[in-house]
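Just below is one structure, and these are the notes that go with it.
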Amino acid sequence: CSSASCQSSCGGGGSTCNLRNNCTACEPISLELCMNLPYNLTSYPNYLGHQSQRESAVSWESSLFPALVQTGCYQFLMFYACTLLVPKCDPLTLQRVPPCRSLCRTAKEKCESVLGIVGLQWPEDSDCVQFPEDGGDASCLLPEDGVDECSPSHFKCRSGRCVLATKRCDGHPDCDDRSDEDHCGCSERALWECPGSSVCIQTSMICDGFPDCPLLVDEANCSVCRDNEVSCNNHQCVHRTLWCDGRKHCSDSSDEWNCVSLDSSGLTVLRTASEYQVCADEWNPELSALTCQQLGLGVPSYVAMVTDDPRSPGRRRWLHVHPEWSQRNGTALQGRLEKRSHACHSRKKVSLFCSRDDCGLRPAVGVHRHRKKR
Amino acid sequence: ILGGRVSRRGAWPWQCSLQSGQSGHVCGCVLIARRWALTVAHCFEGRERADLWTVVLGLSNLDHPGVHSQRRGVRSIIVHPRYNRAVVDYDISVVQLDAEVEETLYVRPVCLPRPSQLPTPDSYCYITGWGHMGNRMPFKLQEGAVRIISLSQCQSYFDMKTITPRMLCAGYDAGTVDSCMGDSGGPLVCEGPGGFWTLFGLTSWGSVCFSKVLGPGVYSNVTHFTPWIQQQIYLNTYLVH
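Top to bottom, those sequences are chains A and B.
In this text, residue positions in the first sequence follow my numbering: the first is 1, and each later residue adds one.
In this text, residue positions in the second sequence follow my numbering: the first is 1001, and each later residue adds one.
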């Protein structure tokens, strides 16, 4: 049969199936737009020529009517639209129950002109003559008390107006009383609320490697790595010994991020995810320049070999300049150092300060500035 | 640049022109290191391949590049992974040149802001570019002074858009000085102590600027992206293999 709503008697593909009017049966309403009607069975084809609820769901009328409802042109417009989209099906007679002609006429009189303003036509399939007069022999539908003016796809303003649910908490007031922007928590906007704060983020941002919540909670507990592994920024797990070895192992290369740091206590390099000092033996100016450049801090402005204070807390770990450091071109500093032992012959560590190389200067402007005698 | 003026040769040595094939100048860009420039992500829409692009520096007159200009190919384009074209958020790209530039009087990098360094609201900074109002493109590099506007005040100009922390606003209520098409990707720079200029914004979007201009321009907030920028340079310099 042409529509999926045929009875099993038609299921066999018998000749009666070719006659559409034999394929009558009621089916539950599944079109979200019309899930709050005073009836819950429908049958197809409907009064707009759609053959199934699936076709109705993607029809232009199913986006036209909800938008038109926002204008408030007629209180029962949504009810009328649903009697066309998903006509009532009488479970006894298996017949469709149409809207009354007066309902059709009222909706058209009140709302057709609004469509005209935006250059749209009233749906031509819905000619009111086809519907019975109310009070006549044929039963027809009129809105009863309590019929909801808004559909489940709408948000009902405090004032009673209906606006599309997508406009709820979208940051722009659409209700005449702005009530669509009241009490806008994260869930109203289909967002995820950061624990401990009112910050809302898209669910796709959770565990995506970019911290969005205060306290970075959206990137916490995103991976379960073994004891001898470390979690990459994208929550992959990489063996601890590969961390900051100068070669990428995480697919986002985060195992080689922030391996080198400078602070008042000097140069610190991460290796196997632990902090090391750099032994000053064999250190040289090229490595100082590489360090500042790698950190994007410009050029070395001060380099010192500082005697390590044995009283300072924490266990001493030393990295040494790799004998082949100069052959490792294109490698970051951490790839040019090596673990040799926990001793450093001179017991001196590298301390380094960088200064932004001469960026942001405009020497040519000075050129024009020299004084010209008048 | 609306309401701007012709800039002197060498006044903005970090300004570059991002050019593609027959189109010639498409967007502005900013030199931040000998081999690295910044621009905005939306300039590459539909033209993501690096070999389609050329970067020209040391330009004053688009039509007559002159002896001070330097032309480089593009080795790679790194668009921010979170770039959102619908709302023009995370609108930034790092551009790796195919060879280092030679630093001269007319070609020099600008400073990147330090972490959390922001321009002072209501302070005056400069925007530059070869943008236009939909009519004739100026050949000479234009410059204009704009005032930094707070995000909350900026949001009031754009009720249909969200101004995010990745954005920076500058300009005037009446839009008297503003950036326009073709300026995208160009710099918003502010002068700091000692005459050092720092890059705080990249021209990104705004209200229509070819008719009556209303409201300020919106720039990508470079401070927000400095760690990401440094990371991309580091990864593409030291971890290529």
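For glycine and all other residues, C-beta sits at the position ideal for the given N, C-alpha and C.
CB-CB length for residue i against residue j, believed under 8 Å
{"i": "SER1123 of chain B", "j": "ARG1166 of chain B", "result": "Actually they do not touch by this definition, with Cβ atoms about 20 Å apart."}
{"i": "ALA1177 of chain B", "j": "GLY1003 of chain B", "result": "It is worth fixing the name first, because residue 1177 of chain B is Val in this sequence and not Ala. Confirmed, about 4 Å."}
{"i": "LEU1141 of chain B", "j": "THR1128 of chain B", "result": "6 Å"}
{"i": "ALA1041 of chain B", "j": "ASP1091 of chain B", "result": "5 Å"}
{"i": "ARG391 of chain A", "j": "ASP180 of chain A", "result": "Residue 391 of chain A is absent from the structure shown; chain A starts at 1 and stops at 374."}
{"i": "CYS354 of chain A", "j": "LEU287 of chain A", "result": "No, CYS354 of chain A and LEU287 of chain A are not in contact; Cβ-Cβ is about 13 Å, not under 8 Å."}
{"i": "LEU337 of chain A", "j": "VAL321 of chain A", "result": "6 Å"}
{"i": "ARG1072 of chain B", "j": "VAL1101 of chain B", "result": "6 Å"}
{"i": "VAL1030 of chain B", "j": "VAL1088 of chain B", "result": "In fact, because the Cβ distance is near 18 Å, the residues do not count as touching under 8 Å."}
{"i": "ALA1170 of chain B", "j": "PRO1113 of chain B", "result": "That pair is no contact at about 15 Å."}
Min CB distance residue i to chain A below 8 Å
{"i": "LEU1105 of chain B", "result": "yes"}
{"i": "GLN1096 of chain B", "result": "no"}
{"i": "THR1176 of chain B", "result": "no"}
{"i": "GLN1232 of chain B", "result": "no"}
{"i": "ASP1173 of chain B", "result": "no"}
{"i": "VAL1055 of chain B", "result": "no"}
{"i": "PRO1115 of chain B", "result": "no"}
{"i": "ASP1145 of chain B", "result": "First, the residue type needs correcting, since residue 1145 of chain B is Ala and not Asp in the sequence shown. No, no contact with chain A."}
{"i": "ARG1108 of chain B", "result": "yes"}
{"i": "ASP1159 of chain B", "result": "yes"}
{"i": "GLY1010 of chain B", "result": "yes"}
{"i": "THR1120 of chain B", "result": "no"}
{"i": "CYS1111 of chain B", "result": "yes"}
{"i": "THR1223 of chain B", "result": "no"}
{"i": "ARG1166 of chain B", "result": "no"}
{"i": "TRP1205 of chain B", "result": "no"}
{"i": "ARG1072 of chain B", "result": "no"}
{"i": "THR1162 of chain B", "result": "yes"}
{"i": "PHE1200 of chain B", "result": "no"}
Counted within 10 angstroms of its Cβ, other Cβ atoms place residue i as buried (16 or more) or exposed
{"i": "GLU275 of chain A", "result": "exposed"}
{"i": "SER1017 of chain B", "result": "buried"}
{"i": "TRP1205 of chain B", "result": "buried"}
{"i": "GLN1054 of chain B", "result": "For the record, residue 1054 of chain B in the displayed sequence is Thr; it is not Gln. By the neighbour-count rule (16 or more Cβ atoms within 10 Å), THR1054 of chain B is buried."}
{"i": "ASN221 of chain A", "result": "exposed"}
{"i": "LEU1187 of chain B", "result": "A quick correction: the sequence has Pro, not Leu, at residue 1187 of chain B. Classification of PRO1187 of chain B: buried, given that the 10 Å Cβ count is 16 or more."}
{"i": "GLU282 of chain A", "result": "exposed"}
{"i": "ASP137 of chain A", "result": "exposed"}
{"i": "ARG1108 of chain B", "result": "buried"}
{"i": "TYR302 of chain A", "result": "exposed"}
{"i": "SER251 of chain A", "result": "exposed"}
{"i": "ALA1086 of chain B", "result": "exposed"}
{"i": "SER351 of chain A", "result": "buried"}
{"i": "TYR1234 of chain B", "result": "buried"}
{"i": "ARG271 of chain A", "result": "buried"}
{"i": "LEU216 of chain A", "result": "exposed"}
{"i": "VAL1146 of chain B", "result": "buried"}
{"i": "SER153 of chain A", "result": "buried"}
{"i": "GLN202 of chain A", "result": "exposed"}
{"i": "GLU1143 of chain B", "result": "buried"}
{"i": "ASN56 of chain A", "result": "Looking at the sequence shown, residue 56 of chain A is not Asn but Ser. Buried, because 16 or more other Cβ atoms sit within 10 Å of the Cβ of SER56 of chain A."}
{"i": "THR1226 of chain B", "result": "buried"}
{"i": "GLY196 of chain A", "result": "exposed"}
{"i": "HIS342 of chain A", "result": "exposed"}
Closer than 8 Å to chain B by CB, residue i
{"i": "GLY360 of chain A", "result": "yes"}
{"i": "ASN21 of chain A", "result": "The predicted model places ASN21 of chain A with a pLDDT of 47, which falls under 50 and marks its position as unreliable, so this point remains unresolved."}
{"i": "LEU256 of chain A", "result": "According to the sequence as given, residue 256 of chain A is Glu; it is not Leu. GLU256 of chain A counts as touching chain B."}
{"i": "SER264 of chain A", "result": "no"}
{"i": "PHE210 of chain A", "result": "yes"}
{"i": "PRO87 of chain A", "result": "no"}
{"i": "ARG356 of chain A", "result": "yes"}
{"i": "SER59 of chain A", "result": "no"}
{"i": "PRO363 of chain A", "result": "yes"}
{"i": "SER251 of chain A", "result": "no"}
Any non-hydrogen atom of the ligand NAD within 7 Å of residue i CB
{"i": "LEU84 of chain A", "result": "Absence of the ligand NAD is noted for the structure shown, with no ligands found whatsoever."}
When Cβ atoms are compared, which residues of the stretch 286-315 of chain A fall closer than 7 Å to chain B?
GLN294, GLY296
Report the residues of the stretch 154-172 of chain A with a CB closer than 7 Å to any CB of chain B, ordered along the chain.
GLY171, HIS172
Would the stretch 1232-1240 of chain B and the stretch 1180-1187 of chain B be scored as touching if the rule is three or more Cβ pairs under 8 Å?
no
For the stretch 1056-1069 of chain B and the stretch 343-362 of chain A, state whether three or more C-beta atom pairs, one from each stretch, are separated by less than 8 Å.
no
Stretch-stretch touch, CB-based, cutoff 8 Å, three pairs: the stretch 158-166 of chain A with the stretch 120-139 of chain A:
no
Selection of the stretch 320-336 of chain A by Cβ proximity to chain B, strictly under 7 Å:
GLY330, THR331, ALA332
Report yes or no: do three or more beta-carbon pairs, one from the stretch 124-131 of chain A and one from the stretch 94-107 of chain A, lie closer than 8 Å?
yes
Three or more beta-carbon pairs under 8 Å between the stretch 102-111 of chain A and the stretch 75-83 of chain A, yes or no?
yes
If the cut-off is 9 Å on Cβ atoms, which residues from the stretch 231-248 of chain A count as contacting chain B, listed in chain order?
GLY246, ARG247, LYS248
Could you tell me whether the stretch 1196-1205 of chain B touches the stretch 1076-1083 of chain B, using the rule of 3 or more Cβ pairs below 8 Å?
no
For the stretch 1129-1141 of chain B, list every residue whose C-beta sits within 8 Å of some C-beta in chain A, in sequence order.
none
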